[in-house]
């Protein structure tokens, strides 16, 4: 029975030795939130405009680039909202407008109601239904091209691919 007691005394020591290793491991493996962020310039984003079969379709709202390929029937070539894709269409989304003048990131002069509508659609449609693939350079960089230190990637905790049909 003495062997049992010796074994029991040995266990807590082993547990102590394992703690620092686990702590180190946590530091080494960064959470997925720290995944590299893809930056899209306007010409890059323009390539994903739904005109080419088999190419992904991207749309930016508030500088966040979403992959809307799964909504091809809305955003693909000849589809009702195809005008919005391949660019940052924040103003158009806020005003529910497909007018080419509104297909821009610029939200100057939008009403309180339009801004609220923009946030609702951004959170409840785009963030809820479509994966984020990157950010526009305007969202990540300052005017002079230096990194915007206030930039924080969006989280997508409630993201779930819903089967629409």
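Numbering (mature numbering (1 follows the signal peptide of the UniProt record, and there is no 0)), first residue to last: -23 to -1, 1 to 142.
We put the beta carbon where it would ideally sit given N, CA and C, even for glycine.
Q. Apart from the five residues on each side of it in sequence, which residues of its chain come closer than 8 Å, Cβ to Cβ, to residue 68?
A. 74, 79, 80, 81, 82, 83, 84, 87
Q. How about residue 14 and residue 130: are their beta carbons less than 7 Å apart?
A. yes
Q) Under three-state DSSP, which class holds residue 109? A) strand
Q. Can you tell which of 65, 57, 52 has the C-alpha that lies nearest to the C-alpha of residue 18?
A. 65
Q | The beta strand (DSSP E) enclosing residue 43, as first and last residue numbers | A | 41 to 44
Q | residue 70 vs residue 38 beta-carbon contact at 7 Å | A | yes
Q.
In this structure, how does DSSP classify residue 51 when only helix, strand and coil are distinguished?
A. helix
Q.
Do residue 31 and residue 54 count as a contact pair if the criterion is CB distance below 7 Å?
A. no
Q: Put residue 17 into one of helix, strand or coil per three-state DSSP.
A: strand
Q. Pick from 132, 52, 60, 89: whose alpha carbon is nearest that of residue 112?
A. 132
Q: Tell me where the beta strand (DSSP E) around residue 36 begins and ends.
A: 35 to 38
Q. Expressed to the nearest angstrom, what Euclidean distance is found between the alpha-carbon atoms of residue 22 and residue 124?
A. 19 Å
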